[in-house]
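Here's the structure, in structure tokens; my notes come after.
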Amino acid sequence: MGIKGASPQGGLGWHAKRLRVMRPAEMAHRLTEQCALRVMRAQHRMGLALSGQVPHDPAQFSFCNGRLPRLPKLPLAFPADDATVDALLAGSVHAHGCEWAWRPDRAVWHEAPDTRMTWPQVFFGLIPYRPGNPYGDIRLAWEPSRLQHLIALAWLARRGRPEIRQRAKALLEDQLLSWVEANPLWTGIHYISVMECALRILAVCHAVDMARGALRRPEGVWRALVMLVGGHAPLIARRTSLHSSLGNHTIAEAAALVYAGTLFPEMSGAKSWKATGLFLLEKEAARQILPDGGGAEQAFWYQLFVTDLVGLVVMLLGHVQEPVPTVLREAHGRGRDFLSAFADTPERLPPIGDGDQGYALSPFLRLSQQTTAGREALRVFPQAGYSVVRSVTGERATLIFDHGSLGMAPCYGHGHADALSVLFRLGEQEILLDPGTYTYNGDPRWRAYFRGTQAHNTVTVDGQDQAVQDGAFLWSQPFAARCVRHELTPEGVVRILACHTGYTQRSGVTHWRAVVFQPPGFWLIWDRLTGLERHHVELNWHLGVDPTQCVGGYRLPAGGRTVRLTVEGGDRSLHRRETSPISGWRSPCYGVKEPITTLRTEFYGALPHEFVTQIRTVEGGGDAWVSDAIGLLRGWVDEAQAV
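Here the working numbering is used: the sequence shown runs in plain steps of one and ends on residue 1568.
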């Protein structure tokens, strides 16, 4: 759910909107939390927080003893190419479009990669971090301090070429010891979000375990690990994301509590951490990983994040020969099946909903996806609200139809207003793409654009989003979307009809959209807007390649082939690299944006109105089937309206 922290900043307006989604129990919880925060601040001022970092003797902890690994072997796909290895050994971490490089001084862990300013090293609850703060996007500063790059260094320390093993060991140890020294308990930005603390526990435990037996300074490394876990786990237990903040943060925090309690049973809070972690993890895995395997947050990247976290706990419990709750094993299986239907690697997942390229453990982890994605002609995920259509012979074309909800109530924080959006790929080439996320805490204009309706392959009405943005991680007036009907005929024809209510209350308009696939390579996307009075309706197609205008439409190159795209129903225009208003952009990864071409078709007038879009990946075929298909679809809409 974005960033859960303790900063009092955010403005009265933000707090008023946030209060609207809280129930009395949560308000009482937040009040208690603020009181506890004041006590922590006083303890920090008096130096009492440091008592949690009094060095313990690592010998008293079973996890810190022995030369053989105590954690399960990870399924890592580490690309040991020279460029990757050289960057790691140079201390370089890619922080979402910004380069961050480790150096042996404390300030490096508090440096903003985007602005090069230094974040304050004061009690974490006093640091302004929300949009508009004077330092930068805090998500970028958090990335290196997740310490997930230590996993790759540990891999090199054990499996790298002989000449680089010593360098990898030294860098792993130096960075871990440096981080612990530079970040006293409760001091600085790395304690604002306890999810960051949780991910740090997972990464450091796995990295040190992988490198055990090869450590040059084992006593110092183990002491640093004990200090880190002993300081982080109580803070996570004290500030776990609950109530309206439940989401992927909660899953990460619960997983870390299970890790800390399982690996360090000698710590005084271990039994409680583990029990709390398992309780929350079972509850939230069942809720957040839907019956069809999709994610309640309606964000594919966070679905991978959550599924990986659940999978790591399943692996851990199985490895230490403890009972694995059935609900966790089944949730991981469902999530893995869903993700594998869309992509065979994390890099190929469509960027639907929010995504910040944050990982459960490492970008090289391969725990929650099959090596080959499914090839069914039609697969519908009714709870998540997605349909996948594929041409199963000849060309490798894939269409994804989004008829899911806005996200996880009550905040819907990581959802985008993308109801009825369509993505289309031919082979390896994206034709109709999702522009992505770009930023959480940067310029609010860009945040608003990338999560808004105009930045998706769907229809806007009167210039509005399908829901109302009330902040960077808050929506109100959420839409309802549903798949009305779908079928796959014996001849291989696929038809799907869906609708949503995002404009019904505010504008009196209902958007119906149908997708039709006619083998071998004819695709129809039909939009029907029903309602009263006159309206401005706008259809946007965000293109993965630059179009060339031709008679009746556009030609799009796709890996040596040509795709023909036509749109009927209004005045067409092309937009690229525009900033006032924003149009013609995509974000290939968090923190990076680049220009693309957006094809816009606009109509102003009385409803009903229809847009007709055709994508042809083969020549010929005629237009008779299009008229027949639209006639059938109009009948489906009439039937649905009559119910």
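Don't be surprised by glycine CBs; every beta carbon is placed ideally from N, CA and C. This structure is a prediction, so every number in the text was calculated from the model and none was measured.
| Span of the alpha helix (DSSP H) around TYR1515 | TYR1515 -> no alpha helix (DSSP H), and no H or E assigned at all.
| query | Tell me which same chain residues have a C-beta within less than 6 Å of the C-beta of LEU1324, skipping the five on either side of it? | reply | VAL1314 and PHE1349
| query | Looking at C-alpha atoms only, which residue of TRP1466, LEU1206 and GLU1463 is the closest neighbour of SER1166? | reply | LEU1206
| message | Do MET1333 and ALA1221 have their beta-carbon atoms positioned less than 7 Å apart in this structure? | response | yes
| task | Please state if the CB of GLY1243 and the CB of VAL892 are separated by a distance shorter than 7 Å. | result | Given a span of 926 to 1568 for the chain in the structure shown, any question on residue 892 remains unanswerable.
| request: Could you name the residues that DSSP lists as bridge partners for PHE1442? | output: VAL1419 and TRP1448
| Nonlocal neighbours in the same chain, by C-beta distance under 8 Å from VAL1419, ignoring five residues either side | Same-chain partners within the cutoff: ALA1302, LEU1303, VAL1314, HIS1411, GLU1412, LEU1413, VAL1440, VAL1441 and PHE1442.
| C-alpha distance - PRO1038 paired with PRO1045, whole-angstrom precision | Cα-Cα distance, rounded: 14 Å.
| task | Assign LEU875 to one of two classes, buried (16 or more other C-beta atoms within 10 Å of its C-beta) or exposed (fewer than that). | result | Residue 875 lies beyond the range of the chain shown here (926 to 1568); nothing can be said about it.
| message | Please tell me whether LEU1229 and LEU1264 are closer than 7 Å, where the distance is taken between their beta carbons. | response | yes
| task | With DSSP collapsed to three states, give me the class of GLU1320. | result | coil
| message | To the nearest angstrom, how far is the alpha carbon of THR1526 from that of THR1318? | response | 32 Å
| query | Name the DSSP beta bridge partners of TRP1437, please? | reply | CYS1424 and ARG1453
| So, is CYS1122 buried or exposed, given that buried needs 16 or more other C-beta atoms within 10 angstroms? | buried
| task | Less than 8 Å between the CB atoms is what I'm expecting for LEU1449 and VAL1551, so what's the real figure, rounded? | result | 6 Å
| said: Just verifying my parser: in three-state terms, what is the DSSP assignment at HIS1339? | reply: DSSP places HIS1339 in coil when its eight states are reduced to three.
| field | MET926 in three-state terms, based on DSSP | value | Interpretation of MET926 is limited by its pLDDT of 39, a score under 50 that renders its predicted location unreliable; no figure is taken from the coordinates.
| Length-filtered (3 minimum) beta strand (DSSP E) runs lying within the region 1465-1508 | 1473-1475, 1478-1483, 1486-1493 and 1496-1501
| field | Alpha carbon of PHE1528 to alpha carbon of ASP1006, nearest angstrom | value | 52 Å
| message | Is it buried or exposed, PRO1004, if we count other Cβ atoms within 10 angstroms and call 16 or more buried? | response | exposed
| What is the DSSP secondary structure of SER1193, reduced to helix, strand or coil? | DSSP, read as helix, strand or coil, puts SER1193 in coil.
| Beta-carbon proximity check, HIS1157 vs ILE1126, cutoff 7 Å | yes
| Of all the beta strand (DSSP E) runs that stay within the bounds of the region 1192-1277, which reach a length of 3 or more residues? | none
| query | Are the beta-carbon atoms of LEU1065 and CYS1130 separated by less than 7 Å? | reply | no
| query | Within this structure, are the beta carbons of VAL1183 and VAL1238 separated by less than 7 Å? | reply | yes
| field | Neighbourhood of PRO1216 by C-beta distance below 6 Å, restricted to the same chain and skipping five residues each side | value | GLN1308
| task | Note the first and the last residue of the continuous alpha helix (DSSP H) segment covering HIS1074. | result | Where HIS1074 is concerned, the enclosing alpha helix (DSSP H) stretches over 1074-1084.
| message | DSSP three-state label for ARG1304, please. | response | In the three-state DSSP reduction, ARG1304 falls in the strand class (E or B).
| Proximity to VAL1492 [Cα-Cα], best of VAL1537, GLU1106 and GLU1320 | Closest option to VAL1492, Cα to Cα, is VAL1537.
| said: Extract the residue ranges of the alpha helix (DSSP H) inside the region 975-1029, only unbroken runs of 4 or more that lie entirely within it. | reply: 1007-1014
| task | Jot down the residue ranges of each uninterrupted beta strand (DSSP E) in the region 1344-1425, minimum 3 residues, whole runs only, in chain order. | result | Given a length threshold of 3 residues, each whole run of the beta strand (DSSP E) inside the region 1344-1425 is given here in chain order: 1347-1351, 1354-1357, 1384-1386, 1406-1413 and 1419-1425.
| said: Helix, strand or coil, according to DSSP, for ILE1325 in the structure here? | reply: strand
| query | Going by beta carbon distance, what residues of the same chain come within less than 6 Å of VAL1470, once the five residues before and after it are set aside? | reply | LEU1481 and PRO1482
| said: Can you tell me where the alpha helix (DSSP H) holding LEU1124 begins and where it ends? | reply: 1119-1136
| request: Label LYS1518 either buried or exposed according to how many other C-beta atoms from any shown protein chain fall within 10 Å of its C-beta, with 16 as the threshold for buried. | output: When all chains shown are included, LYS1518 counts as buried.
| Assigned secondary structure, THR1429 (DSSP; H/G/I helix, E/B strand, else coil) | helix
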